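Read through the structure below, which is laid out as structure tokens, and then see the notes.
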Amino acid sequence: MDVSADRSARTSAPRRQPTPAETLQLPRRRRPTGEAPPLPYHLQTSGVRWLIAGLVLVAATVVVFARGMRGLAVDVTVVDDAVVRWLVGLQAPGLVGGWRALAAISSWWVINGLLVGLLVALLVLRRFRHLIVVLILAQLLTLVAQAWVPPIAQRPRPFGVVIGASWGGWAMPSLQITLFAALLVAILYAMVPEGRWRNSGEWVAAGLVALTALGRIALGADAPTDVLVAAAIGVTLPLVAFRLFAPNEVFPVAYRRGRAAHLDVSGPRGVAIRRGLEDQLGLVVEELKPFGLAGSAGSTPLRITVKGDPPTYLFGKLYARSHLRADRWYKLGRELLYGRLEDEKPFNTVRRLVQQEDYALRVCRDAGLPSPAPFGFVELTPSGSTCWSPSSSTARWSWARPRSTSRSSTTAWASCAGSGMRGWPTVMSSRLTCWSATAACC
């Protein structure tokens, strides 16, 4: 195939990334710098406290009860049995029925119903990260509360009382209290938005756990120490799991209308974006806001105001692992419907998604189409071949500046992100998303 000389020269010579004119630029810092990622995962103060409390209680249980009923284990059992016998000995009309009603809150019917309902809701809402965390937690909690701690502690049920609630196996930790508390925490972190509603839900969950624990103690099924250790395990494991592997900053729980591709760029993510632009490209950001969301379905397009005299505007797009997963599901659905298309292959990393974006811009430019000039990208959280971590998420920026610097120009430009775009512009594959704007507003 014959290729014109001007096109050959244009494609063979490396293009240097343009620098925004009249912008304040700081010295760039090479990566990796050795610093923590701009979007770290925090357990927060409450998470650290629960983790310490859970570890201390489990360690104390092993130390005290591992040698059997002797020494300190006898003293703890005597105190627990005294509390249980006092509650069982209370007499009042309808009191036993009230205890049974409270104990029924954590019955197996309720636990199984909550678990099935939570799994179905997560499937319907397509919160697959939360779904995976819940499934793993269900197995882990069963192992900890049924297969690991009880055989070591071998704590018997309270002595000298008639057990009036369902029970089975060793007493410490209480299996039903553990699973019930864990389910409530999982529901809060997987279904309730962060903020006032979740904070109020935490108090409601604490009240429900306390009431059902009181009912089981009054019916002689559990001792106070059993429910205390169970509550610590049931709260600590899901709390730590959700904050590490499904943090709200990366996987927010929201019910607002809008596309899932449009990520929230305020809060910690916005701070990370500004910090990444300044550290990696030396650009000081004055304003960062969404732009052209109505025409975007595969990324989060933004308009970035860079400090300068006068300020300069850049067009940016945020890519994260959520966009990578959406691309995989999209191509899987197309393959199931139509079979695998030519040169259509899912991306493995966010870096490849950004590289494909840059390639699409180069193909459009070589074809003579009006296209923005790529300026670079910023890596918010290392991943893939850079510095991948199982508990981290990936987010990258690719942005471009329109060639026309005239503020009165009305020439529209488009930034195109496609999948499977290999070869010549005439064979660009079926998935092509374009964002159009004018040079005056960019």
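Each number in the working numbering comes from the position in the sequence shown (counting from 1) with 113 added on. C-beta atoms are modelled at their ideal positions from N, C-alpha and C, and glycine is treated no differently. Fair warning: this is a prediction, and the values are worked out from it, not measured in the lab.
As for any beta strand (DSSP E) of minimum length 3 sitting wholly inside the region 371 to 415, the runs are 398 to 403, ordered along the chain. The Cβ atoms of ALA359 and VAL246 lie closer than 8 Å to each other.
For TYR451, the enclosing alpha helix (DSSP H) stretches over residues 434 to 451. Contiguous alpha helix (DSSP H) elements confined to the region 305 to 364 occur at 309 to 331 and 337 to 358, taking only those with 4 or more residues. Per DSSP, the continuous alpha helix (DSSP H) segment holding PRO263 begins and ends at 262 to 266. If you draw a 10 Å sphere on the C-beta of GLU399, you find fewer than 16 other C-beta atoms in it, and that means exposed.
Boundaries cannot be given for ARG239, as no alpha helix (DSSP H) includes it and DSSP labels it neither H nor E. Around the C-beta of PHE178, 16 or more other C-beta atoms lie within 10 Å, and the residue is accordingly described as buried.
The shortest C-alpha to C-alpha distance from VAL317 to any of ALA334, VAL298, PRO337 and GLY333 is the one to VAL298. For SER219, there is no enclosing alpha helix (DSSP H), as DSSP gives it neither H nor E. By the Cβ neighbour-count rule, GLN204 is exposed, with fewer than 16 other Cβ atoms within 10 Å of its own. Three or more beta-carbon pairs separated by less than 8 Å are not found between the region 220 to 240 and the region 305 to 317, which leaves the two stretches without contact. Taking a 10 Å sphere around the C-beta of PHE460, we find 16 or more other C-beta atoms and assign the residue as buried. CA-to-CA, the gap between VAL197 and GLY314 works out to about 29 Å. Taking all protein chains in view, the Cβ of TRP442 is surrounded by fewer than 16 other Cβ atoms within 10 Å, so the residue is classified as exposed.
Annotated three-state conformation of LEU482 is coil, per DSSP. DSSP places LEU156 in the coil class of the three-state scheme, outside both helix and strand. Considering only GLY210, GLN267, LEU292 and LEU332, the residue with the shortest C-alpha distance to ARG180 is GLN267. Looking from the CA of LYS402, the closest CA among GLY395, VAL348, LEU415 and TYR451 belongs to LEU415. When secondary structure is reduced to three states using DSSP, LEU227 falls in the helix class.
When rounded, the separation of the alpha-carbon atoms in VAL476 and LEU390 is 26 Å.
For PHE488, the closest alpha carbon among the candidates TYR426, VAL322, ARG382 and PRO351 is that of TYR426. DSSP, read as helix, strand or coil, puts LEU493 in strand. Contact between VAL463 and ARG434 holds: CB atoms are separated by about 6 Å, below the 8 Å threshold.
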